[in-house]
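Data first, discussion second: the structure below is written as structure tokens.
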Amino acid sequence: MENVSRRHFLTATAGLAGILATGVPPARAQQRQISYLAWNNFAPASDKKLAEIGQRFTKDTGIKIRIDHIAAPQQAAKYASEVQTQAGHDLVEMRMHFPWLYEPQLLDVSDLAAEMEKKYGAAMPSAKDTAFVKGTWRAVPQYHAVFMAAYREDLFKKGGLKTPDTWEDLYVVGKELKKMGHPIGIPISQNYDSISTAGPVLWAFGGMEIDKDGKTVRINSAATEQMVEWYKKVYRDCMEPEVLSWTDASNNESLQQGKAGWIHNPVSAYIVARNNKMPTADVINHHRSLAGPSGQRHDTDAPRHIGIWKFSKNAEPAKEWIRYLLGKKEVYDEYIMSGDAFNLPVYANMQDHPVLKTDPKFAPLKQEGVQLHCYGWPAPASDKVQLITNSFILPNMLAKAVTGTSTKESVAWADNEMKKIIAG
Amino acid sequence: MAVGARVVPIAPPSLRTRVSALLDRDGILGPIFVSPAVLLLLILVAYPFCMALYFSMSNAFIGRPSHFIGLKNFINLWQSDAFRQTFQNAFVFTGAAVAVKLVLGISLALLLSEQLWFKRAIRGAILLPWVIPTALSTLGWWWMFNSLYSVVNWTGIATGLMDPPGPNWLGQKYYAMTAVVVVNIWRGLPFFAITILAGLVSIPKELYEAAEADGAGPVARFWLITLPLLKPVLTIVILFSTIFTFSEFNIIYVLTHGGPINSTHLFATLSRQIGLESGRIGEGAAISLYLFPVLMMVVYAQLKLVRKEVY
Numbered sequence: 001m002e003n004v005s006r007r008h009f010l011t012a013t014a015g016l017a018g019i020l021a022t023g024v025p026p027a028r029a030q031q032r033q034i035s036y037l038a039w040n041n042f043a044p045a046s047d048k049k050l051a052e053i054g055q056r057f058t059k060d061t062g063i064k065i066r067i068d069h070i071a072a073p074q075q076a077a078k079y080a081s082e083v084q085t086q087a088g089h090d091l092v093e094m095r096m097h098f099p100w101l102y103e104p105q106l107l108d109v110s111d112l113a114a115e116m117e118k119k120y121g122a123a124m125p126s127a128k129d130t131a132f133v134k135g136t137w138r139a140v141p142q143y144h145a146v147f148m149a150a151y152r153e154d155l156f157k158k159g160g161l162k163t164p165d166t167w168e169d170l171y172v173v174g175k176e177l178k179k180m181g182h183p184i185g186i187p188i189s190q191n192y193d194s195i196s197t198a199g200p201v202l203w204a205f206g207g208m209e210i211d212k213d214g215k216t217v218r219i220n221s222a223a224t225e226q227m228v229e230w231y232k233k234v235y236r237d238c239m240e241p242e243v244l245s246w247t248d249a250s251n252n253e254s255l256q257q258g259k260a261g262w263i264h265n266p267v268s269a270y271i272v273a274r275n276n277k278m279p280t281a282d283v284i285n286h287h288r289s290l291a292g293p294s295g296q297r298h299d300t301d302a303p304r305h306i307g308i309w310k311f312s313k314n315a316e317p318a319k320e321w322i323r324y325l326l327g328k329k330e331v332y333d334e335y336i337m338s339g340d341a342f343n344l345p346v347y348a349n350m351q352d353h354p355v356l357k358t359d360p361k362f363a364p365l366k367q368e369g370v371q372l373h374c375y376g377w378p379a380p381a382s383d384k385v386q387l388i389t390n391s392f393i394l395p396n397m398l399a400k401a402v403t404g405t406s407t408k409e410s411v412a413w414a415d416n417e418m419k420k421i422i423a424g
Numbered sequence: 425m426a427v428g429a430r431v432v433p434i435a436p437p438s439l440r441t442r443v444s445a446l447l448d449r450d451g452i453l454g455p456i457f458v459s460p461a462v463l464l465l466l467i468l469v470a471y472p473f474c475m476a477l478y479f480s481m482s483n484a485f486i487g488r489p490s491h492f493i494g495l496k497n498f499i500n501l502w503q504s505d506a507f508r509q510t511f512q513n514a515f516v517f518t519g520a521a522v523a524v525k526l527v528l529g530i531s532l533a534l535l536l537s538e539q540l541w542f543k544r545a546i547r548g549a550i551l552l553p554w555v556i557p558t559a560l561s562t563l564g565w566w567w568m569f570n571s572l573y574s575v576v577n578w579t580g581i582a583t584g585l586m587d588p589p590g591p592n593w594l595g596q597k598y599y600a601m602t603a604v605v606v607v608n609i610w611r612g613l614p615f616f617a618i619t620i621l622a623g624l625v626s627i628p629k630e631l632y633e634a635a636e637a638d639g640a641g642p643v644a645r646f647w648l649i650t651l652p653l654l655k656p657v658l659t660i661v662i663l664f665s666t667i668f669t670f671s672e673f674n675i676i677y678v679l680t681h682g683g684p685i686n687s688t689h690l691f692a693t694l695s696r697q698i699g700l701e702s703g704r705i706g707e708g709a710a711i712s713l714y715l716f717p718v719l720m721m722v723v724y725a726q727l728k729l730v731r732k733e734v735y
């Protein structure tokens with residue numbers, strides 16, 4: 001072993017002490033490195049593409065990036081622990097109203113959002129509502145997923161059933177589908193898909209959770225009672241009790257495995273079946289969202305954004321990643337294409353994206369005549385809306401009603417729970 | 425001639441000698457040996473506990489400044505349906521699981537104490553549910569109870585014991601509670617069986633021989649010798665199991681996520697949902713600490729009972 005001189009030893013230990021004291025490594029040793037936490041995308045190919053783009057980003061910029069993935073139901077808890085410990089990833093994927101929930105902890109990224117809007121046009125209303133918090137962009141809109149109907153075209157033909165146009169039509173065909181051994185698959189459990197369907201049904205019946213003022217709870221209404229009654233009869237006559245224990249993936253799996261005859265979901269159920277060459281892929285198709293008694297059609301729009309934690313020590317390299325992934329048109333296009341129309345572009349000038357033409361079964365994604373909203377509509381985006389979402393009040397109200405609690409009692413329970421959140 | 429005493433200067437003891445002398449004193453050496461463990465306890469137990477205590481008495485919300493609000497969280501929790509349901513669930517779940525584990529544990533231990541072929545292999549195999557990571561084994565159970573792929577229902581239907589489609593194990597509240605209790609029993613049974621077996625082995629054989637000579641049958645031997653002598657072991661096993669079962673998290677989180685309609689939530693899972701997923705850290709901490717005083721009293725009472733019986 002080489003002898004270490006006293007001078008060398010002193011220099012090395014003093015340098016080390018300096019690094020430890022300041023927490024900053026010397027410039028020559030500083031490796032620009034960032035970490036990004038994203039969810040396990042329901043279009044798995046886009047996660048692979050993200051990793052590939054990450055490698056190219058490192059090659060092109062010299063900034064190392066580590067991309068981690070987490071299941072959607074665990075995102076909120078993971079983010080909470082990162083915020084509490086003020087440590088973790090630099091960049092985080094934010095769904096729906098998360099930027100409102102974590103607003104004090106997110107960096108102002110208005111400069112990046114402005115760059116994107118200048119290049120691609122304005123961000124879609126749902127994306128802006130959820131990421132533009134009190135006049136500041138707290139996350140950069142990334143993409144959005146749209147809910148619609150996915151159904152077994154072959155079964156409809158076999159049973160001589162007409163593609164439904166209203167939620168009431170769905171009840172009629174649902175009864176037949178159940179008799180054929182292929183029930184409807186709408187989850188009524190503590191997951192996001194349950195809310196993504198309950199919301200549009202509620203809106204179609206003319207109901208709402210919170211009023212436009214964002215303060216008045218409006219769930220206790222005749223419209224909600226009608227919606228609950230609809231759920232009760234659909235649960236009884238068109239579905240099986242399994243929907244009470246479903247996860248976000250269960251409705252997809254039920255359709256892919258050949259059991260469900262109709263589900264309410266983005267295109268992910270179909271694209272996974274198609275990409276994995278499942279036998280059901282050929283017989284699954286989509287149609288636009290259903291109308292309520294007044295003819296109004298609403299559906300869930302789930303925007304996703306990228307945010308940077310304020311505690312990140314790598315804000316500038318983190319911004320570079322967002323510029324690389326979303327700001328370079330060819331990279332953004334490549335990323336969108338990899339998601340097979342599950343990850344739809346979120347800016348105005350990109351709405352006619354080529355990804356929509358890659359498969360004729362994506363045509364209903366245009367959702368003509370359908371109003372798309374985030375959870376909580378028509379209330380303005382807020383942390384309270386996200387709290388109501390995370391507390392699963394809508395699915396629990398429905399689960400109570402379909403398992404024996406009276407409609408009035410179930411709705412009153414939801415009213416009470418929502419009022420507590422709004423007041424708190 | 426008187427010669428004055430010559431004072432020979434004594435060299436002060438060296439540092440090494442002084443340290444050695446100090447280390448020879450029990451009052452110093454003991455605390456030194458114990459201090460790493462105390463330090464670990466302070467960092468890993470006392471600090472998180474104090475933080476949880478503080479959070480439970482504050483209006484802490486993720487990433488925002490918090491204020492002290494006293495016992496408000498604990499009082500307000502009673503207004504929550506979900507919490508009242510959870511409170512009930514915790515007692516039903518713990519009561520049912522511990523009772524069945526106790527009965528089955530004693531039976532299994534008695535069986536294992538007999539002369540069996542492949543005794544060691546069987547004892548090892550019985551420990552498997554205890555050593556497999558709970559989240560993994562529970563995933564296996566999730567598949568078995570899953571409404572689409574349930575092997576339990578498939579077997580039941582194939583053997584004519586169930587009508588198609590079979591019970592909705594995780595979607596209906598009584599079935600869901602049954603499912604989580606079953607998995608908890610499956611996982612906790614080895615702990616009961618092996619610990620009770622250790623207690624059984626330590627009972628002197630002479631007692632059984634004497635009882636047998638006096639004409640005592642197997643049932644009398646069990647009630648009059650085995651059970652009384654197992655009491656200290658059983659007390660400790662029940663104590664530990666009660667605490668572990670009350671604070672169960674993995675099984676509920678993986679199998680039902682607390683559903684349907686909160687019917688399987690326990691304090692740990694509800695605390696996670698409220699504290700981390702909904703961001704209300706103060707309320708979440710209050711939920712997790714709610715039973716702390718009660719459990720402390722149970723621990724105190726049971727340990728006192730054991731000491732009384734032992735000494």
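Here the protein sequences line up with chains A and B, keeping their order.
Using our numbering, the first residue of the first sequence is number 1, and each one after it goes up by one.
Using our numbering, the first residue of the second sequence is number 425, and each one after it goes up by one.
Using N, Cα and C, we set each Cβ at its ideal position, and we do this for glycine too.
Item                                                                                                                                    : Value
Opposing strand residues paired with A:Val-146 [DSSP bridges]                                                                           : A:Asp-301
Continuous alpha helix (DSSP H) stretch holding A:Tyr-335: start and end                                                                : 329-338
Beta-bridge partners of A:Leu-106, as assigned by DSSP                                                                                  : A:Trp-309
Which of helix, strand or coil DSSP assigns to A:Thr-407                                                                                : helix
CB contact flag (B:Ser-480, B:Gly-706, <8 angstroms)                                                                                    : yes
Delimiting residues of the alpha helix (DSSP H) encompassing B:Arg-611                                                                  : 597-625
DSSP state of B:Gly-519 mapped onto helix, strand, coil                                                                                 : helix
The stretch 672-683 of chain B: positions lying closer than 8 angstroms to chain A by Cβ                                                : Thr-680, His-681, Gly-682 and Gly-683
Chain-ordered chain B contacts of A:Leu-387 [CB-CB under 9 angstroms]                                                                   : Ser-702, Gly-703 and Arg-704
Three CB pairs or more closer than 8 angstroms across the stretch 284-300 of chain A and the stretch 149-168 of chain A                 : yes
Within-8 angstroms CB hit, B:Pro-472 to chain A                                                                                         : no
Counted within 10 angstroms of its Cβ, other Cβ atoms place A:Ser-382 as buried (16 or more) or exposed                                 : buried
Amino acids of chain B, ordered along the chain, whose beta-carbon sits closer than 7 angstroms to that of A:Ala-313                    : The sequence given here has Lys at residue 313 of chain A, not Ala. Going along chain B, no residue has its Cβ under 7 angstroms from A:Lys-313, so there is no contact; the nearest lies around 17 angstroms.
Residue nearest to A:Met-350 in terms of C-alpha spacing, selected from A:Thr-163, A:His-144 and A:Ala-45                               : A:His-144
Helix, strand or coil at A:Arg-28 according to DSSP, with G and I counted as helix                                                      : Confidence at A:Arg-28 is low in this model, with a pLDDT of 47, below 50, so its placement is unreliable and no value can be given for it.
Cross-chain neighbours of B:Gly-738 in chain A, by beta carbon under 7 angstroms                                                        : This structure leaves residue 738 of chain B out entirely; chain B is present only between 425 and 735.
Three-way DSSP call (helix, strand, coil) for A:Lys-461 in this model                                                                   : Nothing in the structure corresponds to residue 461 of chain A, since chain A is present only between 1 and 424.
Simplified DSSP assignment, three categories, for A:Lys-419                                                                             : helix
Where B:His-689 falls, given that 16 or more other Cβ within 10 Å makes a residue buried                                                : buried
Ordered list of alpha helix (DSSP H) runs contained in the stretch 451-490 of chain B, each at least 4 residues                         : 471-480
Endpoints, the alpha helix (DSSP H) within which B:Arg-645 is located                                                                   : 642-645
Segments of 4+ residues assigned as alpha helix (DSSP H) that fall wholly inside the stretch 171-246 of chain A                         : 192-204 and 222-238
Near-chain B residues of the stretch 229-251 of chain A (beta-carbon distance less than 9 angstroms), N- to C-terminal order            : Glu-240, Pro-241, Glu-242, Val-243, Leu-244, Ser-245, Trp-246, Thr-247 and Ser-250
Interfacial residues, the stretch 253-265 of chain A to chain B, with Cβ spacing under 8 angstroms                                      : Glu-253, Ser-254, Gln-257 and Lys-259
Own chain partners of A:Lys-158 with C-beta closer than 8 angstroms, once the 5 adjacent residues on each side are dropped              : Met-180
For B:Phe-668 and B:Pro-614, the rounded distance between their alpha carbons                                                           : 14 angstroms
Beta carbon proximity, A:Ala-281 to chain B, threshold 8 angstroms                                                                      : no
Neighbour flag for B:Arg-508 against chain A, beta carbons, 8 angstroms                                                                 : no
CB contact below 8 angstroms: B:Gln-596 versus chain A                                                                                  : yes
Simplified DSSP state of A:Pro-141, which is helix, strand or coil                                                                      : strand
Beta-bridge pairing of A:Met-94 - partner residues as DSSP gives them                                                                   : A:His-305
Validate contact between the stretch 159-166 of chain A and the stretch 211-224 of chain A using beta carbons, cut 8 angstroms, 3 pairs : no
When A:Glu-93, A:Glu-209 and A:Ala-80 are compared against A:Ile-425, the one with the closest alpha-carbon                             : Since the displayed chain A opens at 1 and closes at 424, residue 425 of chain A lies outside it and no answer follows.
Three-way DSSP call (helix, strand, coil) for B:Val-527 in this model                                                                   : helix
Given A:Pro-266 as reference, the closest of A:Gln-257, A:Gly-258, A:Ser-245 and A:Arg-288 once Cα atoms are compared                   : A:Arg-288
Three-state class that DSSP yields for B:Tyr-573 in the structure shown                                                                 : coil
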